[in-house]
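Structure first, commentary second.
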Amino acid sequence: MIEILNPAGVARGRVTGALVADILQTMKRRAVVGTNLLEINAWTKEMIFEARATSCYVAYEPSFGRGPFGHYICTSVNDAVLHGKPHDYALADGDLLTLDLAVSLDGVVADSAISFVVGDSPQPDSVAMIEATERALAAGIAAAGPGARIGDLSHAIGTVLRDAGYPINTQFGGHGVGSTMHQDPHIVNTGRPGRGYELQPGLLLALEPWVMADTDALRTDADGWTLRSATGSRTAHSEHTIAITEDGAEILTLPTPG
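Take a look at the structure:
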């Protein structure tokens, strides 16, 4: 299903997006050396409930997972890149942490992810990888607008990631959002320009470039959810929800000013 929102729906998406971004930034500030992943999950739950919003993850039960996800945020550490299930782990200095969050508020979903290094230890390779996903995300957003095609976004994202020297996995990528978390169209992180669905104003898309340092192959943890690099290499993931507008694209998952 591809869902096109009216202006009122997009306006509600801005509120949801700001909530998602505010929670992620709060969790980033709280994610210090010694913070437990289960604490991050509990704090996220509290903020979602305070906003009278709904988690998109707790009851999420797709074909590729093992039962309901059962938690409120994805917490992926080091070689984990997607669907990291919170567990009893205290963050260490130098850990690379990815937080991925999707929330529904007033009938509209927003989805976003950030990666960062915990503590004060220099991690130049990790920082470079995170920055590459952020540049790829910016390139994908810049390519978006009415009349653009999904392939244009995929090509822009993939060009940045490939030029930075990272292999690209095409199993998981961006997607449409709206009244539900995962909708068509699927947006792979590499592709050919001029192909695929033509973007229209009112379409919401979650763009999410992610990479693993030296492989494009994934392995699944025993928890049935957490996806890791097959080689044990570090990973990074950046994601925004955007709305296609009459003259371009608007990022919805930006923190509340101030």
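According to my numbering, the sequence shown holds residues 59 to 316 in order. The beta-carbon is built from N, C-alpha and C at its ideal position, and this holds for glycine as well.
When the five nearest sequence neighbours on each side are left out, the beta carbons in the same chain lying within less than 7 angstroms of the beta carbon of ARG72 are those of LEU310, in order along the chain.
Apart from the 5 residues on each side of it in sequence, TYR224 sits with its Cβ closer than 6 angstroms to the Cβ of VAL269 in its chain, given in chain order. Taken in chain order, the whole alpha helix (DSSP H) runs of length 4 or more contained in the segment 80-111 are 95-108. Look at GLU189 here: in three-state DSSP terms it is helix. For ILE302, the enclosing beta strand (DSSP E) begins and ends at 298-303. For ARG286, the enclosing beta strand (DSSP E) covers residues 285-287. Looking only at PRO65, THR74 and ILE62, the smallest Cα-Cα distance to LEU312 is reached by THR74. Shown here, LEU157 sits in a strand according to DSSP, grouped into three states. For SER173, there is no enclosing alpha helix (DSSP H); the residue is part of the beta strand (DSSP E) that begins and ends at 166-175. Runs of the alpha helix (DSSP H) spanning 4 or more residues and lying entirely within the segment 204-235 occur at 208-221, in chain order. Taking C-beta atoms under 8 angstroms as the contact rule, GLU61 and GLY236 qualify, at a distance of about 4 angstroms.
The shortest C-alpha to C-alpha distance from ARG87 to any of GLY252, PHE174, LEU219 and ALA264 is the one to PHE174.
Closest by C-alpha distance to THR102, out of ALA69, GLY125 and VAL161, is VAL161. Segment contact: the segment 192-206 against the segment 118-138, fewer than three CB-CB distances shorter than 8 angstroms; contact not assigned.
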